[in-house]
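**Q** Sharing a structure here in structure tokens format.
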Amino acid sequence: MKTTKNKISDNPTEGIKISGAEAVIRCLLAEGVDLIYGYPGGAIMPIYDELYKFQDELQHVLTRHEQGATHAAQGFARTSGKVGVAMATSGPGATNLVTGIADAQIDSTPMVCITGQVASHLLGSDAFQETDIIGISTPVTKWNCQITKASEIPSVMAKAFYIARSGRPGPVLIDITKDAQFDTFYFSYEKCTGIRSYKPVPEIEPTSIIEAAEAINNAKKPFIIWGQGVILGNAEQEFKDFVEKSGIPAAWTILGLSALPTAHPLNVGMVGMHGNYGPNMLTNECDLLIAIGMRFDDRVTGDLNTYAKQAKVIHFEIDSAELNKNVEADIPVMGSCKDSLAAILSLIKNKNHEKWINRFDEYMKIEVEKVIDKDLNPTKEGLTMGEAIMAINKYTKGDAVIVTDVGQHQMVTCRYAEFVRSKSNVTSGGLGTMGFALPAAIGAKMGAPDREVVAVIGDGGYQMTIQELGTIFQTQTAVKIVVLNNDFLGMVRQWQQLFFEKRYASTEMVNPDFVAIAKGYYLDAKKVDKREDLDAAVAEMIASDKPYFLEICVEKEANVFPMIPTGASVSEIRLT
Amino acid sequence: MKNNNTYTISIYSENNVGLLNRISAIFLKRHINIESFSTSPSEIKNVFRFVIIVELEEEKVKKLIQQIEKQVDVIKAYYHTDEETIFQESALFKVQSRSLFEERHIQNVIKDSHANIVVVTPEFFVIEKTGFREETEKLRKDLAPFGLLQFVRSGRISVTKSKMGISDILNTFKKDN
Numbered sequence: 000m001k002t003t004k005n006k007i008s009d010n011p012t013e014g015i016k017i018s019g020a021e022a023v024i025r026c027l028l029a030e031g032v033d034l035i036y037g038y039p040g041g042a043i044m045p046i047y048d049e050l051y052k053f054q055d056e057l058q059h060v061l062t063r064h065e066q067g068a069t070h071a072a073q074g075f076a077r078t079s080g081k082v083g084v085a086m087a088t089s090g091p092g093a094t095n096l097v098t099g100i101a102d103a104q105i106d107s108t109p110m111v112c113i114t115g116q117v118a119s120h121l122l123g124s125d126a127f128q129e130t131d132i133i134g135i136s137t138p139v140t141k142w143n144c145q146i147t148k149a150s151e152i153p154s155v156m157a158k159a160f161y162i163a164r165s166g167r168p169g170p171v172l173i174d175i176t177k178d179a180q181f182d183t184f185y186f187s188y189e190k191c192t193g194i195r196s197y198k199p200v201p202e203i204e205p206t207s208i209i210e211a212a213e214a215i216n217n218a219k220k221p222f223i224i225w226g227q228g229v230i231l232g233n234a235e236q237e238f239k240d241f242v243e244k245s246g247i248p249a250a251w252t253i254l255g256l257s258a259l260p261t262a263h264p265l266n267v268g269m270v271g272m273h274g275n276y277g278p279n280m281l282t283n284e285c286d287l288l289i290a291i292g293m294r295f296d297d298r299v300t301g302d303l304n305t306y307a308k309q310a311k312v313i314h315f316e317i318d319s320a321e322l323n324k325n326v327e328a329d330i331p332v333m334g335s336c337k338d339s340l341a342a343i344l345s346l347i348k349n350k351n352h353e354k355w356i357n358r359f360d361e362y363m364k365i366e367v368e369k370v371i372d373k374d375l376n377p378t379k380e381g382l383t384m385g386e387a388i389m390a391i392n393k394y395t396k397g398d399a400v401i402v403t404d405v406g407q408h409q410m411v412t413c414r415y416a417e418f419v420r421s422k423s424n425v426t427s428g429g430l431g432t433m434g435f436a437l438p439a440a441i442g443a444k445m446g447a448p449d450r451e452v453v454a455v456i457g458d459g460g461y462q463m464t465i466q467e468l469g470t471i472f473q474t475q476t477a478v479k480i481v482v483l484n485n486d487f488l489g490m491v492r493q494w495q496q497l498f499f500e501k502r503y504a505s506t507e508m509v510n511p512d513f514v515a516i517a518k519g520y521y522l523d524a525k526k527v528d529k530r531e532d533l534d535a536a537v538a539e540m541i542a543s544d545k546p547y548f549l550e551i552c553v554e555k556e557a558n559v560f561p562m563i564p565t566g567a568s569v570s571e572i573r574l575t
Numbered sequence: 000m001k002n003n004n005t006y007t008i009s010i011y012s013e014n015n016v017g018l019l020n021r022i023s024a025i026f027l028k029r030h031i032n033i034e035s036f037s038t039s040p041s042e043i044k045n046v047f048r049f050v051i052i053v054e055l056e057e058e059k060v061k062k063l064i065q066q067i068e069k070q071v072d073v074i075k076a077y078y079h080t081d082e083e084t085i086f087q088e089s090a091l092f093k094v095q096s097r098s099l100f101e102e103r104h105i106q107n108v109i110k111d112s113h114a115n116i117v118v119v120t121p122e123f124f125v126i127e128k129t130g131f132r133e134e135t136e137k138l139r140k141d142l143a144p145f146g147l148l149q150f151v152r153s154g155r156i157s158v159t160k161s162k163m164g165i166s167d168i169l170n171t172f173k174k175d176n
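Residue numbers (numbering that gives the first Met the number 0), protein chains in the order written: chain H, 0 to 575; chain C, 0 to 176.
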């Protein structure tokens with residue numbers, strides 16, 4: 000029951016001491032947090048006790064596993080643009096957060112994790128549920144900090160949120176000993192506005208803008224690759240203006256997807272291992288490669304020694320550590336791309352690279368004939384993953400948030416899903432975390448409650464976090480869950496077929512009755528395995544205003560193409 | 000392992016618990032061995048300084064510096080060659096006292112090496128030598144025949160010939176905030 004009057008947080012704290020646990024809640028509220036994900040346990044019980052008191056102002060979603068809490072917080076952050084918050088107890092609770100934290104770190108997702116810790120006098124004594132979560136989480140957090148005194152809570156929490164959301168965002172972990180949660184102190188909160196050792200956004204060098212503009216104006220075959228930086232920097236409009244004025248064909252990395260509508264005439268598709276034919280081939284033909292908010296991941300570049308060697312490279316980047324890390328930039332443009340793209344706009348000429356864009360169309364024709372047509376208009380009996388995605392496109396009109404897990408279904412979905420607005424693609428990119436999608440979808444829906452959220456998941460990854468169906472049922476979060484079931488760990492099986500002479504070691508799945516499981520959680524559920532039933536099933540799922548589970552049985556041994564084999568050049572992309 | 004050089008990495012940072020772990024994790028993740036490591040307060044109040052020695056290609060050192068500097072609690076990181084720094088190491092040698100009286104030659108060894116005698120007890124005496132690696136190493140070899148009870152050498156400490164400019168960074172922050 001929500002009340003607008005008499006909020007507990009309105010009660011003044013001046014002149015009275017409050018507990019560290021209450022301070023944590025007040026800090027969260029002061030940072031604008033009204034929703035967190037977590038799982039209680041011994042060392043964090045004082046904070047949960049305060050959550051009980053503040054439940055009208057701060058909603059806590061009980062996931063079924065701490066990993067689910069982190070992925071839900073990530074999904075929330077990705078669709079809302081706010082900082083996701085996950086909470087867990089010490090020991091196993093804390094270690095279960097690690098996968099989600101690592102995922103958030105590599106995919107630059109703003110997240111604050113709060114863990115309980117054994118009382119400070121027990122630190123180092125191998126106490127019950129004691130684990131060195133600061134040590135464990137150090138390599139996978141942007142920052143972390145242990146609090147042993149209640150009075151440290153406000154300043155550390157303020158720093159945590161500032162660090163998580165500023166510059167290149169990332170996960171922060173705050174570990175609070177149980178005695179610090181119980182202790183009382185005089186509370187006051189001040190938001191963090193700067194840290195002397197930390198410069199989140201480099202200043203734009205005006206000469207870099209001028210040099211970049213000149214290179215862009217002189218290029219005959221320029222090519223843009225954009226990444227998630229455009230989305231994280233809220234630079235979608237500036238990016239679109241830049242693309243349209245320069246007339247340069249633009250391709251996306253998997254995390255950049257949805258920043259520019261799929262149907263935009265200058266959107267030429269995806270780069271990388273399972274990206275489109277043209278963008279990959281023409282990476283090695285362009286004379287100017289303009290990288291915007293992307294980090295030249297190995298899944299994007301393939302072999303670096305044969306990557307875009309002929310091209311001059313402009314790199315728009317916010318994180319100085321990314322500069323020249325994998326690909327040498329001829330013209331680095333450091334700063335937030337929202338600012339740098341806005342600054343460059345007036346310096347670039349209106350252009351139309353028609354002949355060059357035709358090259359992308361030519362490659363697309365080949366890709367349609369050799370790959371896409373088979374995926375989307377199959378003549379064989381079994382359903383393809385591509386058909387399933389097209390049906391989802393049809394009934395969501397391309398305006399859904401699409402959450403994917405990791406593997407074949409992820410590549411197919413990202414290749415074929417249509418998007419009309421940004422922050423609509425939620426997937427585990429850098430870490431490749433199977434089990435990401437189901438809990439991330441919960442957070443994605445809560446972060447964008449007015450939008451349709453469809454999670455597309457493989458039968459393997461689905462079973463890694465399947466218990467989050469319990470969270471969906473308990474919270475009645477209206478996510479649509481599509482499992483593309485091929486009874487295989489499909490991507491690994493594909494590699495076994497192509498590179499290990501079909502030795503299918505431990506990739507075949509003997510699966511349960513997924514519909515029965517969903518129904519066990521009282522969710523509406525259906526299974527479809529025939530082409531003629533697909534559209535109706537998807538239509539029914541989308542029409543529902545409740546959580547809904549749909550199992551789509553697809554071809555068992557289909558492969559995802561195009562494909563750049565590991566270590567090969569982008570121009571060695573295979574269509575079969 | 001070609002084109003490896005000795006580089007001195009200097010890090011100016013906040014003095015926070017856990018930062019050491021965070022910095023060493025950067026080396027661990029890249030499978031880079033640390034040759035020597037030392038940490039102390041710097042010339043600026045409340046700013047700590049790490050001196051880390053690595054043998055690496057310059058390309059890799061550059062990337063290490065970028066990753067180190069990315070850490071929130073790091074103010075600034077630099078790398079320098081031996082030519083660009085002035086550096087020393089300290090060594091302590093614990094020797095049986097009777098050698099000092101029975102082996103006349105040991106006194107010449109100490110004198111020639113410009114080492115200092117830090118303490119003398121009836122059982123042992125301790126010699127301190129600060130200098131280049133070759134100098135402490137030579138002394139170790141020269142003292143070995145007399146029976147070294149203990150030997151320890153510190154990590155390299157070093158200052159750069161060029162200016163570091165940390166105060167400027169901190170002052171700029173103060174002005175902006």
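The C-beta atom is built at its ideal place from N, Cα and C for all residues, glycine as well.
I need the boundaries of the alpha helix (DSSP H) containing F513/H, first residue and last residue.
**A** F513 to G519
**Q** Relative to the C-alpha of G99/H, which candidate in G115/H, L121/H, A72/H and T88/H has its C-alpha closest?
**A** A72/H
**Q** Consider the Cβ of E13/C: report whether some Cβ of chain H lies at a distance smaller than 8 Å.
**A** yes
**Q** Starting from the C-beta of G301/H, find all residues in its chain whose C-beta is less than 6 Å away, skip the five residues before and the five after it, and write them out in chain order.
**A** I563, A567, S568 and V569
**Q** Closer than 8 Å, CB to CB, is I175/H near chain C or not?
**A** Against chain C, the CB of I175/H has no partner CB under 8 Å away; the residue lies outside that interface.
**Q** Using CA atoms only, rank isn't needed, just tell me which of G434/H, T426/H and E386/H is closest to Y415/H.
**A** E386/H
**Q** Since G268/H sits in a beta bridge, which residues does DSSP pair it with?
**A** A250/H
**Q** Are the CB atoms of S196/H and V117/C nearer to each other than 8 Å?
**A** no
**Q** Report yes or no: do the segment 451-461 of chain H and the segment 423-437 of chain H share at least 3 C-beta pairs separated by less than 8 Å?
**A** yes
**Q** From I194/H to G292/H, what distance separates their C-alpha atoms?
**A** 24 Å
**Q** Just tell me which of R502/H, V478/H and I133/H has its CA closest to the CA of T403/H.
**A** V478/H
**Q** Starting from the C-beta of K148/H, find all residues in its chain whose C-beta is less than 6 Å away, skip the five residues before and the five after it, and write them out in chain order.
**A** A179
**Q** Under 8 Å by Cβ, that's how I've got T137/H and A24/C pegged, so tell me the actual separation to the nearest angstrom.
**A** 5 Å
**Q** Of all Cβ atoms in chain H, is any one closer than 8 Å to the Cβ of R21/C?
**A** yes
**Q** Just checking my contact of A249/H with L231/H at CB under 8 Å: how many whole Å lie between their CB atoms?
**A** Under the criterion of beta carbons closer than 8 Å, A249/H and L231/H do not qualify as touching, at roughly 17 Å.
**Q** By the three-class DSSP mapping on this structure, what secondary structure does T140/H have?
**A** T140/H: coil per DSSP, three-state reduction.
**Q** In angstroms with no decimal places, state the Cα-to-Cα distance between I39/C and N15/C.
**A** The sequence shown places Ser at residue 39/C, not Ile. Looking at the two C-alpha atoms, the distance is approximately 13 Å.
**Q** How many angstroms separate the CA atom of G14/H from the CA atom of A157/H?
**A** 21 Å
**Q** Decide if the segment 415-430 of chain H is in contact with the segment 469-485 of chain H; the criterion is three or more beta carbon pairs, one per stretch, under 8 Å apart.
**A** no
**Q** Where does K337/H land, buried or exposed, given buried means 16+ other C-beta within 10 angstroms?
**A** Label assigned to K337/H: buried.
**Q** Of all the CB atoms in chain C, is at least one closer than 8 Å to the CB of M0/H?
**A** Note on M0/H: pLDDT 46, under 50, position unreliable in the model; the coordinate value appears next. False, the Cβ-Cβ gap to chain C never drops below 8 Å.
**Q** Would you call T2/H buried or exposed, if buried means 16 or more other Cβ atoms sit within 10 Å of its Cβ?
**A** For T2/H, the pLDDT reaches just 49, beneath the cut-off of 50, and the residue's location in the model is therefore unreliable, although a value from the coordinates is still provided. Counting Cβ neighbours within 10 Å, T2/H comes out exposed, since fewer than 16 surround it.
**Q** Give me the residue from A310/H, T383/H, Q407/H and I24/H with the minimum Cα distance to K6/H.
**A** I24/H
**Q** Report the rounded CA-to-CA distance for T114/H versus D532/H, giving the unit in angstroms.
**A** Roughly 47 Å between the two C-alpha positions.
**Q** Check whether the segment 130-149 of chain C touches the segment 81-96 of chain C, taking contact to mean three or more Cβ pairs, one atom from each stretch, closer than 8 Å.
**A** yes
**Q** Any beta-carbon of chain C closer than 8 Å to the one on A159/H?
**A** It does not: the Cβ of A159/H has no partner Cβ on chain C nearer than 8 Å.
**Q** In this structure, how does DSSP classify R103/C when only helix, strand and coil are distinguished?
**A** helix
**Q** Rounded to the nearest angstrom, how far is the Cβ of A258/H from that of V332/H, given a contact under 8 Å?
**A** At roughly 18 Å, the Cβ-Cβ gap does not stay under 8 Å, so A258/H and V332/H are not in contact.
**Q** Give the interface partners of N143/H over in chain C, defined as CB-CB distance under 9 Å, in chain order.
**A** G17 and R21
**Q** Closer than 8 Å, Cβ to Cβ, to anything on chain H: give me those residues from the segment 50-63 of chain C, in chain order.
**A** K61 and K62
**Q** If we ignore side chains and look at the alpha-carbon of each, how far apart do K422/H and A342/H end up?
**A** 24 Å
**Q** Against E101/C, what residues of chain H qualify as contacts under a CB-to-CB distance less than 9 Å, listed in chain order?
**A** Residues of chain H passing the Cβ test: none, with the nearest at roughly 48 Å.
**Q** Which chain H residues sit within Cβ distance under 9 Å of D72/C?
**A** W142, I194, S196 and Y197
**Q** Short of 8 Å Cβ to Cβ, which residues in the segment 121-152 of chain H face chain C?
**A** I133, G134, T137, P138, K141, W142, N143, C144 and Q145
**Q** Quick one, which residues of the segment 22-40 of chain C are near chain H if we go by CB-CB under 7 Å, in chain order?
**A** A24 and K28
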